[in-house]
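So the structure is just underneath, and the comments pick up after that.
Residue numbers (the working numbering): 12 to 58.
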């Protein structure tokens with residue numbers, strides 16, 4: 012029975028890790044898009 016509990020916890024941790032990774036990747040892509048490509052981003056502020 013303990014093995015089944017450990018497998019369930021491991022699957023939850025894997026899912027949580029994938030979710031955190033995905034959210035982090037999306038946030039980074041959005042930030043770099045804003046930083047480099049968006050007309051009203053940091054480039055417009057400094058020029």
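Every residue gets a Cβ at the ideal spot worked out from N, C-alpha and C, and that includes glycine.
DSSP state of residue 13, grouped into three classes? With a pLDDT of 46 at residue 13, under the threshold of 50, the predicted position of this residue should be treated as unreliable, though the coordinate-derived value follows. Helix.
Please report the straight-line C-alpha distance between residue 12 and residue 24, rounded to a whole angstrom. Any reading at residue 12 is ruled out, since the residue's pLDDT is 43, under 50, leaving its predicted position unreliable.
Please classify residue 41: does DSSP put it in a helix, a strand, or coil? helix
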